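As structure tokens, the structure follows; a few thoughts come after it.
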């Protein structure tokens with residue numbers, strides 16, 4: 002077993018990427034490293050399990066110890082990227098359910114982005130990610146895949162339509178401004194929480210700031226899509242991707258006071274409803 006430590010002191014997060022087996026022989030060394038991290042003041046730890054092939058009961062003792070170390074400090078341990086076999090053992094023990102500080106994530110990158118944005122992982126219900134080759138011809142397919150993933154969430158029809166429109170605009174921008182070359186991919190990551198859904202659209206292009214065009218033309222090909230997203234979603238943000246390109250993150254909360262069609266149009270056009 003080997004492990005690599007990557008620190009993000011700007012947000013107080015440490016990623017520990019583990020490879021090999023977590024067992025009686027390897028846990029003492031790993032616990033010593035994690036203890037040093039906690040003593041240094043880090044209370045958010047991502048355990049990247051993508052390269053872990055085997056865990057035994059000693060690994061669960063380590064997780065219980067981590068939970069006890071961090072729960073009083075309101076910290077968290079995110080188990081990220083576990084393969085199907087390791088995840089099966091985690092699910093069977095229900096350790097994440099019973100340990101207050103433990104959470105899971107599909108991969109370390111998603112966990113780090115969530116912590117960087119200050120998302121509360123404890124109310125995460127599930128997350129799903131898929132990749133599609135960047136092409137105008139694939140836009141409808143990407144929207145359809147996203148619709149199927151989101152169909153189980155308890156949003157109103159109007160809220161679902163808002164999400165669909167906003168996601169469609171984000172995907173179109175990813176094709177237009179981001180992953181425009183043949184073979185490049187667009188990633189969609191959807192995370193469902195108790196009270197909201199968060200969607201990342203990740204391209205691999207040269208980057209896009211999200212600044213919208215100042216044109217008065219509602220149907221201008223660049224810019225108005227961003228205004229639609231801002232109008233229909235509760236929050237929209239743009240950030241550079243870890244490997245280039247842009248990460249667009251949108252959130253929609255359930256049960257918010259529904260805006261009228263006039264209010265939404267005013268928000269899109271950037272005018273006051275009382276201006277007439």
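Residue numbers (the working numbering): 2 to 277. Here a beta-carbon is modelled for each residue, glycine too, at the ideal position from N, C-alpha and C. Note that the structure is predicted; figures quoted are calculated from it, not measured.
Rounded Cβ spacing between residue i and residue j (contact assumed at less than 8 Å)
i	j	result
residue 67	residue 35	7 Å
residue 279	residue 12	The requested residue 279 is not part of the displayed model; the chain covers only 2 to 277.
residue 253	residue 160	6 Å
residue 166	residue 188	About 20 Å separates the two Cβ atoms, so there is no contact after all.
residue 142	residue 125	That pair is no contact at about 26 Å.
residue 48	residue 81	7 Å
residue 136	residue 175	Contact doesn't hold; Cβ gap of about 11 Å is too wide.
Where residue i sits in the DSSP three-state scheme
i	result
residue 186	strand
residue 22	strand
residue 12	coil
residue 27	coil
residue 169	helix
residue 152	coil
residue 160	helix
residue 231	helix
residue 108	coil
residue 213	At residue 213, the pLDDT of 49 sits below 50, so the modelled position is not reliable; the number obtained from the coordinates is stated separately. Coil.
residue 147	helix
One or two residues paired with residue i in a DSSP bridge
i	result
residue 132	188
residue 193	127, 198
residue 253	198
residue 5	18
residue 237	251
residue 203	188, 248
Pick from the options that is closest to residue i, judged by C-alpha positions
i	options	result
residue 153	194, 139, 251, 27	194
residue 100	130, 64, 81	64
residue 8	20, 22, 46, 24	46
residue 238	115, 95, 11, 89	115
residue 83	16, 40, 50, 23	50
residue 236	200, 32, 31	200
residue 76	15, 231, 175	15
residue 129	158, 148, 30	148
residue 197	142, 97, 164	164
residue 60	69, 28, 37, 42	28
residue 37	169, 70, 250, 255	70
residue 57	39, 73, 22	22
residue 53	230, 24, 30	24
residue 146	156, 125, 172, 126	172
residue 85	73, 96, 107, 79	107
residue 205	157, 185, 43, 90	185
residue 240	232, 249, 234	249
residue 41	104, 133, 10, 19	10
residue 72	55, 102, 162	102
residue 111	39, 79, 55	79
residue 190	233, 133, 18, 93	133
residue 127	44, 192, 6, 93	192
residue 43	62, 97, 17	17
Any chain B beta carbon closer than 8 Å to residue i
i	result
residue 159	Absent here is chain B; the protein component of the structure consists of one chain.
Contact test: residue i Cβ vs the ligand SAM heavy atom, cutoff 7 Å
i	result
residue 81	Only the bare structure without any ligand can be found here, which leaves the ligand SAM out of the picture.
Q | Whole beta strand (DSSP E) elements within the region 37 to 105, 3-residue minimum | A | Listed in chain order, the beta strand (DSSP E) runs fully inside the region 37 to 105 are 45 to 56, 77 to 81, counting runs of at least 3 residues.
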